Amino acid sequence: MSSRTPSPLAAWALLSLPLLLALGAFYGFLGSEDAINAHFSAWRPEHPAAVTALKLCTDWGNPAFYLVYAGILARGLMARRRDLTMMALGWLAAQLLVSLALERLLKTAIGRPRPDVGGPFRPWSLDAGHHSLPSGHTTEILVQTLPLALRAGAWLAPLGLGLVAGAMGASRVLLGWHHPTDVLAGWLLGSLGGALAHRLARRWT
Numbered sequence: 035m036s037s038r039t040p041s042p043l044a045a046w047a048l049l050s051l052p053l054l055l056a057l058g059a060f061y062g063f064l065g066s067e068d069a070i071n072a073h074f075s076a077w078r079p080e081h082p083a084a085v086t087a088l089k090l091c092t093d094w095g096n097p098a099f100y101l102v103y104a105g106i107l108a109r110g111l112m113a114r115r116r117d118l119t120m121m122a123l124g125w126l127a128a129q130l131l132v133s134l135a136l137e138r139l140l141k142t143a144i145g146r147p148r149p150d151v152g153g154p155f156r157p158w159s160l161d162a163g164h165h166s167l168p169s170g171h172t173t174e175i176l177v178q179t180l181p182l183a184l185r186a187g188a189w190l191a192p193l194g195l196g197l198v199a200g201a202m203g204a205s206r207v208l209l210g211w212h213h214p215t216d217v218l219a220g221w222l223l224g225s226l227g228g229a230l231a232h233r234l235a236r237r238w239t
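Heads up: take any position in the sequence shown, counting from 1, add 34, and you land on the numbering used here.
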């Protein structure tokens with residue numbers, strides 16, 4: 035491994051850094067989760083342009099990576115690059131197993147209310163208002179970006195991908211759709227999913 039190439043642990047750390055810094059800032063400057071939710075609830079009506087930009091990020095951030103992996107798959111098939119083909123298929127497998135099946139199971143089983151719903155947990159509720167933990171968008175963005183970060187040949191790529199992942203995770207709190215700990219749980223679950231995607235790609239190659 036070149037000294038200019040980050041180790042897997044370093045790539046994961048760089049990828050995670052912007053999101054963890056954002057969550058730390060929320061707690062450091064605003065205090066408890068209730069205080070964080072109350073602050074951004076008051077902030078949103080006063081900043082409609084920022085809210086619009088955040089919604090654009092949160093609505094289109096994940097789908098943009100569908101195109102990235104579709105491009106990787108097409109390139110792998112056309113160039114007969116098995117490593118690229120398996121990278122795309124490894125991501126797809128992790129996407130289905132972690133971002134879809136496991137994440138949905140956890141949301142339903144835990145039944146945490148979203149910030150604007152409140153009240154007690156309702157395990158096994160089918161109400162979307164009680165599917166707050168973990169954050170699905172954050173889980174998915176980590177499953178999408180971690181395999182790319184782990185293949186990066188330079189230190190800047192994981193950090194750049196981390197800014198994207200951090201913006202996604204922070205947007206979920208800023209828009210009032212998740213508690214900060216939902217996002218933290220999504221980061222952990224998504225990290226496991228991204229590592230699985232990377233491992234499957236290497237195993238199948």
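All C-beta atoms in this analysis are idealised placements derived from N, C-alpha and C, irrespective of residue type, glycine included. Since the model is a prediction, treat every value here as computed from it, not as a measurement.
Next on the checklist: For a test of the three-state rule: what should DSSP assign to Met-35, helix, strand or coil?
Outcome noted: Any answer about Met-35 is weak, because its pLDDT of 49 lies below 50 and its placement is not dependable; what the coordinates show is given next. The answer is coil: DSSP assigns Met-35 none of H, G, I, E or B.
- What do you reckon, are the CB atoms on Leu-234 and Ala-108 nearer than 8 Å? no
What is the rounded straight-line gap between the Cα of Glu-67 and the Cα of Leu-130?
-> 31 Å
key: Rounded straight-line distance, which links the Cα of Val-207 to that of Asn-71   = 8 Å
Fill in: Proximity to Arg-185 [Cα-Cα], best of Ala-143, Gly-220 and Met-120
Met-120
At a cut of 8 Å, does the stretch 179 to 199 reach the stretch 144 to 157 through at least three beta carbon pairs? no
With DSSP run on the structure shown, which of helix, strand or coil describes Pro-192? helix
N- and C-terminal bounds of the alpha helix (DSSP H) containing His-171: 170 to 184
| message | If the criterion is Cβ atoms closer than 8 Å, does the pair Gly-203 and Leu-53 meet it? | response | yes
Rounded to whole angstroms, how far is the Cβ of Leu-134 from the Cβ of Ala-219, which I believe are closer than 8 Å? With a Cβ gap of about 16 Å, Leu-134 and Ala-219 do not count as contacting.
Just to confirm the assignment, what range does the alpha helix (DSSP H) spanning His-232 have? 214 to 238
| message | I'd like to check one pair, Thr-142 with Gly-224: are the Cβ atoms closer than 8 Å? | response | no
Between the alpha carbons of Ala-45 and Gly-58, how many angstroms are there, rounded? 20 Å
Notebook entry, point to check: Can you name, in chain order, every residue of its own chain whose Cβ lies under 8 Å from the Cβ of Thr-215, other than the five neighbours on each side?
Noted result: Glu-67 and Leu-167
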